[in-house]
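For the sequence shown, this note's numbering gives the first residue as 404, with consecutive numbering after it. Where a beta carbon is used, it is the ideal one built from N, C-alpha and C, also for glycine. From a predicted model like this one, the values you see are computed outputs, not experimental measurements.
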Amino acid sequence: MAHVTLQEVATAAGVSLATASRVLNGSVRVRADLRERVEAAAARLAYTPNAHAQALVRASSETVGVICHDVSDPYFAAIARGVMRTAAEHGMLVM
Numbered sequence: 404m405a406h407v408t409l410q411e412v413a414t415a416a417g418v419s420l421a422t423a424s425r426v427l428n429g430s431v432r433v434r435a436d437l438r439e440r441v442e443a444a445a446a447r448l449a450y451t452p453n454a455h456a457q458a459l460v461r462a463s464s465e466t467v468g469v470i471c472h473d474v475s476d477p478y479f480a481a482i483a484r485g486v487m488r489t490a491a492e493h494g495m496l497v498m
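If you want it as structure tokens, here you go:
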């Protein structure tokens with residue numbers, strides 16, 4: 404499944420990219436009706452922020468390094484998937 408972009412959320416909500424960005428970054432400078440449209444579109448599309456893009460903007464990253472013996476081993480693969488899923492939920496990158 405492809406990652407949903409901020410532009411796709413903006414298009415689905417019928418707003419500009421800047422408006423969608425302001426809503427999803429918590430700005431109060433957005434009308435309530437537009438905020439509701441953007442939030443609904445983001446939820447419908449299962450939008451999650453792109454951690455790589457955020458790291459570039461902040462000029463820093465929250466990165467977790469994972470070293471495992473054999474990622475082809477189902478045990479280690481399951482652990483790696485769990486780490487990656489949890490890190491993504493918290494806007495972190497996994498190396």
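Problem set entry | Assigned exposure category for I420 - 16 Cβ within 10 Å defines buried | Within the sequence shown, residue 420 is the residue found at index 17, counting from 1. According to the sequence shown, residue 420 is Leu rather than Ile. Flag for L420 reads exposed.
Exercise. Would L448 count as contacting chain B if we go by Cβ distances under 8 angstroms?
Worked result: In the displayed structure, chain B is absent; only one protein chain is listed.
Exercise. When the Cα atoms are used, what is the spatial distance from D473 to F479?
Worked result: Here residue 473 refers to the residue found at position 70 when the sequence shown is read from its first residue. Here residue 479 refers to the residue found at position 76 when the sequence shown is read from its first residue. Near 7 angstroms, if we compare the C-alpha coordinates of F479 and D473.
For this session: Spatial neighbours of V407 within its chain, please: CB distance less than 7 angstroms, with the 5 preceding and 5 following residues excluded, ordered by chain position.
Result: The residue given as residue 407 occupies position 4 in the sequence shown. Once the five neighbours on either side are set aside, the close Cβ partners of V407 are L448, A449 and Y450.
For this session: Can you give me the start and stop residues for the alpha helix (DSSP H) that P477 sits inside?
Result: The residue labelled residue 477 in the question sits at position 74 within the sequence shown. Per DSSP, the unbroken alpha helix (DSSP H) holding P477 starts and ends at P477 to E492.
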